[in-house]
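Q: Our numbering puts the sequence shown at residues 9 to 503.
The C-beta atom is built at its ideal place from N, Cα and C for all residues, glycine as well.
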Amino acid sequence: MTLALRYAIRTDVGLLREGNEDSAFAGPRLLAIADGMGGHAAGEVASAVAISTITTLADHVPDNDLLDALSRAVATANRRLHDMSAEDPSVEGMGTTLTAMLWSGPKFGLCHIGDSRAYLLRGDELRQITRDHTLVQALVDDGRISRDEAASHPQRSLLLRALDGSPDAEPDLVVLAAQVGDRYLLCSDGLSDVVSDQSVQRTLATVPDPDEAVRRLIDLALRGGGPDNITCIIADVIDTMATTLIPSEKPVLVGAAVASPNGSATTKPRPVSPPARPQVVPHTAPQAAVLTATAVAGSTLTEREQDEDEEQGTARRRWPIVTSLVVVLVVVVAGAAYAGWNYTQQQYYVGTAGGRVAIFRGVDQRVAGLSLSSVYQKTAIPLAMVPSNDLTQIRATITSTGLPDARRIVGNIKRDYQQCQQAGLASAAYRARLTRYHAALATYRKQFGTTRPIRVRGVAHVPPRAPGPPPPFPPLCPAGTAGGAAASSGSGGTP
Ligand SMILES: [Mn+2]
Numbered sequence: 009m010t011l012a013l014r015y016a017i018r019t020d021v022g023l024l025r026e027g028n029e030d031s032a033f034a035g036p037r038l039l040a041i042a043d044g045m046g047g048h049a050a051g052e053v054a055s056a057v058a059i060s061t062i063t064t065l066a067d068h069v070p071d072n073d074l075l076d077a078l079s080r081a082v083a084t085a086n087r088r089l090h091d092m093s094a095e096d097p098s099v100e101g102m103g104t105t106l107t108a109m110l111w112s113g114p115k116f117g118l119c120h121i122g123d124s125r126a127y128l129l130r131g132d133e134l135r136q137i138t139r140d141h142t143l144v145q146a147l148v149d150d151g152r153i154s155r156d157e158a159a160s161h162p163q164r165s166l167l168l169r170a171l172d173g174s175p176d177a178e179p180d181l182v183v184l185a186a187q188v189g190d191r192y193l194l195c196s197d198g199l200s201d202v203v204s205d206q207s208v209q210r211t212l213a214t215v216p217d218p219d220e221a222v223r224r225l226i227d228l229a230l231r232g233g234g235p236d237n238i239t240c241i242i243a244d245v246i247d248t249m250a251t252t253l254i255p256s257e258k259p260v261l262v263g264a265a266v267a268s269p270n271g272s273a274t275t276k277p278r279p280v281s282p283p284a285r286p287q288v289v290p291h292t293a294p295q296a297a298v299l300t301a302t303a304v305a306g307s308t309l310t311e312r313e314q315d316e317d318e319e320q321g322t323a324r325r326r327w328p329i330v331t332s333l334v335v336v337l338v339v340v341v342a343g344a345a346y347a348g349w350n351y352t353q354q355q356y357y358v359g360t361a362g363g364r365v366a367i368f369r370g371v372d373q374r375v376a377g378l379s380l381s382s383v384y385q386k387t388a389i390p391l392a393m394v395p396s397n398d399l400t401q402i403r404a405t406i407t408s409t410g411l412p413d414a415r416r417i418v419g420n421i422k423r424d425y426q427q428c429q430q431a432g433l434a435s436a437a438y439r440a441r442l443t444r445y446h447a448a449l450a451t452y453r454k455q456f457g458t459t460r461p462i463r464v465r466g467v468a469h470v471p472p473r474a475p476g477p478p479p480p481f482p483p484l485c486p487a488g489t490a491g492g493a494a495a496s497s498g499s500g501g502t503p
């Protein structure tokens, strides 16, 4: 028996996003998916770095030590992200999910960090074989919200772990055994957030051809609104001795990791060249086969810098046309006004928009009734859940020394916010233990008429043990977090 994979891979920018921050790779022995995050092009860079690093494993897979190889590749990617963030402020704070399978015979190493997912369809049963590193998954594990509530939770995309250059970016690693007939699905949250497990199961179970099944899944996500980039890989485990099906051989790279300057469709093998970030990501990107996949979207030119270059270019071209002195004067005055406005547009501050923490571009003032700022980036951090020290500052709008500084401030707020959430979870768990203890103690007292140890007909009985002191709860965290994220965000947590 010789096991091989028959796979299909596809990505789609979705209906609302301008760029594709997902990157993915499928080869005969490696399947990997990464969903990048961060403002501007940073998410694309992060997912491309993760995928290009992990694809170095595609050509020489170790027979043993699958997890060691995966773990080292992940550490390398994480170090690269760390170094790039340190060197280039425009990509500071970027991060990515990574879910990868490294195959060796009938077994594979599974490596996972973030909220992209791997599923197994065996027979007709669909099982998620990765666990989301999200706040809502932690709430589900804690029994505080149901799976259904998690699916529609407003903070469902809040990650507790991601590959972001931080030292605690540790992936889950496990070796699993495959069987002939297994069908594996790797997807980004652009699919799993929008398409129910039942629909995914039905599609996987009823559409035999992997490529057709991938198309159907992406179609379902688009019909569901396609709010995010959607990436899917389907891999069927076949026995080449017992089937006429042809195993896949071509490595395929899709999404942000593909260095296509114009995003035009091509099915030719793509030479590896210093990539430029695609300005227009094609709808349902072409399945360009690559010979080696080492492309890194390492372009440090951000969208804004490109815009500025274009503005300057236009201004230069316009100069020779100006002949009249009047026109020159008008241009000078307008230029001064523009320079002033341009200055404000290089300022950033942290404030609130729609009840959430946001980065604003401009200055927090109005001139002649005109606002000199706009929301630059809205975070998922609700104001109501932010510790009071941060809250006071945000209300007063924190001015920054620039975009990287604004991002750093938001990073600090996010860290405080997550600490409050964690403390809230710990407090809730403690209160649950306390409730159980009181109930058990009441039962004991009812039975024995005391809360002390007692001997009844020669048998020793001891009362239940008290749970000890409560876990510390940071005094600056909002009381709402102590009651738990689910309860205060109105999603119906347990009291
Ligand atoms: Mn996503």
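Identify which residue in Gly-151, Ser-154, Arg-164 and Gly-131 has its Cα closest to the Cα of His-141.
A: In the sequence shown, residue 141 corresponds to position 133, counting from 1. Of the listed residues, the one whose Cα sits closest to His-141 is Arg-164.
Q: Indicate, with yes or no, if ligand 1 has a heavy atom lying under 7 Å from the CB of Asp-172.
A: The residue given as residue 172 occupies position 164 in the sequence shown. Because no heavy atom of ligand 1 lies under 7 Å away, the Cβ of Asp-172 does not count as near it: no.
Q: Ligand 1 and Asp-217: does the residue's C-beta get closer than 7 Å to at least one heavy atom of that ligand?
A: Taking the first residue of the sequence shown as position 1, residue 217 is located at position 209. Incorrect: Asp-217 has no Cβ contact closer than 7 Å to ligand 1.
Q: If we ignore side chains and look at the alpha-carbon of each, how far apart do Ala-42 and Pro-477 end up?
A: Sequence index remark: in the sequence shown, residue 42 carries index 34 (1-based). Sequence index remark: in the sequence shown, residue 477 carries index 469 (1-based). Those two C-alpha atoms are separated by around 42 Å.
Q: Spatial neighbours of Ala-414 within its chain, please: C-beta separation below 6 Å, excluding the five flanking residues on both sides.
A: The sequence position of residue 414 within the sequence shown is 406, counting from 1. Around Ala-414: Tyr-356, Val-358, Ile-367 and Ser-408.
Q: For chain C, find out if any of its Cβ atoms is closer than 8 Å to the Cβ of Leu-411; answer yes or no.
A: The displayed structure is made up of one protein chain only, and chain C is not part of it.
Q: Between the C-alpha atoms of Val-69 and Leu-171, what's the straight-line distance to the nearest angstrom?
A: Along the sequence shown, one-based indexing puts residue 69 at 61. Along the sequence shown, one-based indexing puts residue 171 at 163. Answer to the nearest angstrom: the Cα atoms are 22 Å apart.
Q: Please determine, among Phe-456, Asn-28, Leu-253 and Asp-201, the residue with the shortest C-alpha to C-alpha distance to Glu-52.
A: Indexing the sequence shown from 1 puts residue 52 at position 44. Comparing Cα-Cα distances from Glu-52 to each of Phe-456, Asn-28, Leu-253 and Asp-201, the minimum goes to Asn-28.
Q: Quick one: measure Cβ to Cβ for Asp-197 and Ile-121, integer angstroms, because I've assumed they're closer than 8 Å.
A: Mapped onto the sequence shown, residue 197 falls at position 189. Mapped onto the sequence shown, residue 121 falls at position 113. That belief does not hold up - the Cβ atoms of Asp-197 and Ile-121 are roughly 13 Å apart, past 8 Å.
Q: Counting pairs of Cβ atoms below 8 Å between the region 13–21 and the region 233–251, do you hit three or more?
A: Counting Cβ pairs under 8 Å, three or more are found: they touch.
Q: In angstroms, rounded to a whole number, what distance separates the CA positions of Leu-128 and Leu-193?
A: Against the sequence shown, residue 128 aligns to sequence position 120. Against the sequence shown, residue 193 aligns to sequence position 185. Roughly 6 Å between the two C-alpha positions.
Q: Is Ile-238 helix, strand or coil when you go by DSSP?
A: Here residue 238 is taken as the residue at index 230 of the sequence shown, counted from 1. Residue state, collapsed to three classes: strand.
Q: Thinking Leu-212 and Leu-134 are a contact (beta carbons under 8 Å), I'd like their distance in whole angstroms, please.
A: Position 204 of the sequence shown, counting from 1, holds the residue named residue 212. Position 126 of the sequence shown, counting from 1, holds the residue named residue 134. Indeed they touch by this definition, with Cβ atoms about 7 Å apart.
Q: Under 7 Å: does the beta carbon of Asp-140 sit that close to some heavy atom of ligand 1?
A: Numbered from its first residue, the sequence shown carries residue 140 at position 132. Checking the Cβ of Asp-140 against ligand 1 gives no.
Q: Does the distance between the C-beta of Asn-28 and the nearest non-hydrogen atom of ligand 1 fall short of 7 Å?
A: Residue numbering aside, residue 28 sits at position 20 when the sequence shown is read from its first letter. Not so, every heavy atom of ligand 1 lies at least 7 Å from the Cβ.
Q: Looking at ligand 1, does it come within less than 7 Å of Ser-196, judged from the CB to the closest heavy atom?
A: Here residue 196 refers to the residue found at position 188 of the sequence shown. Yes, Cβ of Ser-196 sits closer than 7 Å to a heavy atom of ligand 1.
Q: If contacts are defined as beta-carbon pairs under 8 Å, then Ala-146 and Leu-167 qualify, I think. What distance do you get, rounded to the angstrom?
A: Your numbering for residue 146 matches position 138 in the sequence shown. Your numbering for residue 167 matches position 159 in the sequence shown. Contact doesn't hold; Cβ gap of about 11 Å is too wide.
Q: Fully enclosed by the region 18–42, which beta strand (DSSP E) runs are 3 residues long or longer?
A: Taking only runs of at least 3 residues, the beta strand (DSSP E) segments lying wholly in the region 18–42 are 30–34.
Q: If Leu-38 sits next to Pro-255, beta carbons under 8 Å apart, how far is it from one beta carbon to the other, in whole angstroms?
A: Your numbering for residue 38 matches position 30 in the sequence shown. Your numbering for residue 255 matches position 247 in the sequence shown. Contact flag wrong, Cβ pair sits at about 14 Å.
Q: Going by DSSP, what residues sit across from Cys-119 in a beta bridge?
A: As a working note, residue 119 is residue 111 in the sequence shown. Answer is Ala-108 and Leu-181, bridged to Cys-119.
Q: Expressed to the nearest angstrom, what Euclidean distance is found between the alpha-carbon atoms of Asp-424 and Pro-395?
A: Working through the sequence shown from its first residue, we reach residue 424 at position 416. Working through the sequence shown from its first residue, we reach residue 395 at position 387. Roughly 7 Å between the two C-alpha positions.
Q: Is Ala-108 closer than 8 Å to Leu-89 when the C-beta atoms are compared?
A: Reading the sequence shown from its first residue, position 81 is the one you call residue 89. Reading the sequence shown from its first residue, position 100 is the one you call residue 108. Their beta carbons are not under 8 Å apart, which means Leu-89 does not touch Ala-108 by this criterion.
Q: Assuming Ile-462 is part of the alpha helix (DSSP H), what are its boundary residues?
A: Locating residue 462 in the sequence shown gives position 454, where the first residue counts as 1. No alpha helix (DSSP H) holds Ile-462; the beta strand (DSSP E) holding it covers 462–464.
Q: How many whole angstroms separate the CB atoms of His-10 and Met-393, which I take to be in contact at a CB cut-off of 8 Å?
A: As a first step, residue 10 is located in the sequence shown; it is residue number 2 there, counting from the start. As a first step, residue 393 is located in the sequence shown; it is residue number 385 there, counting from the start. One detail in the question is off: residue 10 reads as Thr in this sequence, not His. 54 Å between Cβ atoms; not a contact.
Q: For Phe-481, name the three-state secondary structure that DSSP assigns.
A: To locate residue 481, count along the sequence shown from 1; it is residue 473. Coil, per DSSP.
Q: Can you name the start and end residues of the beta strand (DSSP E) that His-90 belongs to?
A: Within the sequence shown, residue 90 is the residue found at index 82, counting from 1. No beta strand (DSSP E) contains His-90, which is instead part of the alpha helix (DSSP H) from 74–95.
Q: For the region 149–233, which segments carrying the alpha helix (DSSP H) assignment without a break, of at least 4 residues, lie completely within its bounds, in sequence order?
A: Within the region 149–233, the complete alpha helix (DSSP H) runs of at least 4 residues are 155–159, 197–200, 205–214 and 218–231.
Q: Can you give me the start and stop residues for the alpha helix (DSSP H) that Glu-100 sits inside?
A: To locate residue 100, count along the sequence shown from 1; it is residue 92. Run containing Glu-100: none; DSSP gives neither H nor E here.
Q: Taking its Cβ as the centre, do 16 or more other Cβ atoms sit within 10 Å of Val-418, making it buried, or is it exposed?
A: Looking up residue 418 in the sequence shown gives position 410. Per the 10 Å Cβ criterion, buried.
Q: Cβ of Asp-372 within 7 Å of any heavy atom in ligand 1?
A: If you number the sequence shown from 1, residue 372 lands on position 364. False, no ligand heavy atom lies under 7 Å from that Cβ.
Q: Quick check on Tyr-351: buried or exposed, where buried means 16 or more other Cβ atoms within 10 Å of its Cβ?
A: As a working mapping, residue 351 is identified with position 343 in the sequence shown. Label assigned to Tyr-351: exposed.
Q: Let me check you understand the geometry: is the CB of Asp-20 closer than 7 Å to at least one non-hydrogen atom of ligand 1?
A: Taking the sequence shown and counting its residues from 1, the one referred to as residue 20 is at position 12. For ligand 1, not one heavy atom lies less than 7 Å from the Cβ of Asp-20.
Q: What is the residue span of the beta strand (DSSP E) that Gly-263 lies within?
A: Taking the sequence shown and counting its residues from 1, the one referred to as residue 263 is at position 255. Run containing Gly-263: 260–263, per the beta strand (DSSP E) assignment.
Q: If you compare alpha carbons, which of Gly-151, Arg-223, Thr-459 and Arg-155 is closest to Gln-136?
A: Within the sequence shown, the letter at position 128 stands for residue 136. If we check each option's Cα against that of Gln-136, Arg-155 comes out closest.
Q: So, for Thr-64: in the same chain, excluding its five sequence neighbours on each side, which residues have a beta-carbon less than 7 Å away from its beta-carbon?
A: The sequence position of residue 64 within the sequence shown is 56, counting from 1. Cβ neighbours of Thr-64 beyond the five flanking positions: Ala-81.
Q: Below 8 Å on the Cβ atoms is my contact criterion, and I expect Gly-173 with Gln-385 to pass it. Report the Cβ-Cβ distance as a whole number of Å.
A: Residue mapping note: residue 173 aligns to position 165 of the sequence shown, counting from 1. Residue mapping note: residue 385 aligns to position 377 of the sequence shown, counting from 1. About 19 Å separates the two Cβ atoms, so there is no contact after all.
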